[in-house]
Structure formats: structure tokens, C-alpha cells
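Student: Numbering (my numbering), first residue to last: 150 to 217.
For each residue, glycine too, the CB sits at the ideal point set by N, CA and C.
Only a predicted model underlies this, so the values are computations on that prediction, with no experimental measurement involved.
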């Protein structure tokens, strides 16, 4: 008993949706990691935490957490 054309189309659609969603999540995660790396470098350069927050969009808590 095989899948109908409709079932196959749904499967293809949802597989593509899952792939696109995973791709977007991966990109987002990579961008966040790059922002954290930049913030760490700015901390090493003794840039103020407030300036780092403004430049990177990270919260005060996120930047302070990088000090640990």
C-alpha cells in the first residue's frame, strides 16, 4: 500500500518547511554567537558594559555574564 499523491505532497511540503526552519534557527544561533564573540573582544579592550550593550544589542545581564 503506497502513499497517495496528496500524502507525498504533504510530506514534501513539511520536509521543506522543517529544513527552512532549521536553516533559519542555525543562522540565528550563528549570529548570536558572533555577537557574543564581539562583546568578549570589546570587554578585553576595556570598553564600558553600557557601550557594549548599545553596540551589540545584548542585555546588561548577558554582557555581565560574559565576565565570569
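Between which two residues does the alpha helix (DSSP H) holding residue 213 run?
Tutor: 209 to 214
Student: Do residue 192 and residue 202 have their CB atoms nearer than 8 Å?
Tutor: no
Student: Run through DSSP, which three-state label would residue 195 get?
Tutor: Reduced to three states, the DSSP call for residue 195 is coil.
Student: Around the C-beta of residue 216, are 16 or more other C-beta atoms found within 10 angstroms, so that it is buried, or is it exposed?
Tutor: Label assigned to residue 216: exposed.
Student: If you run the structure through DSSP and keep just helix, strand and coil, what is residue 200?
Tutor: Residue state for residue 200 is assigned as helix, using DSSP reduced to three classes.
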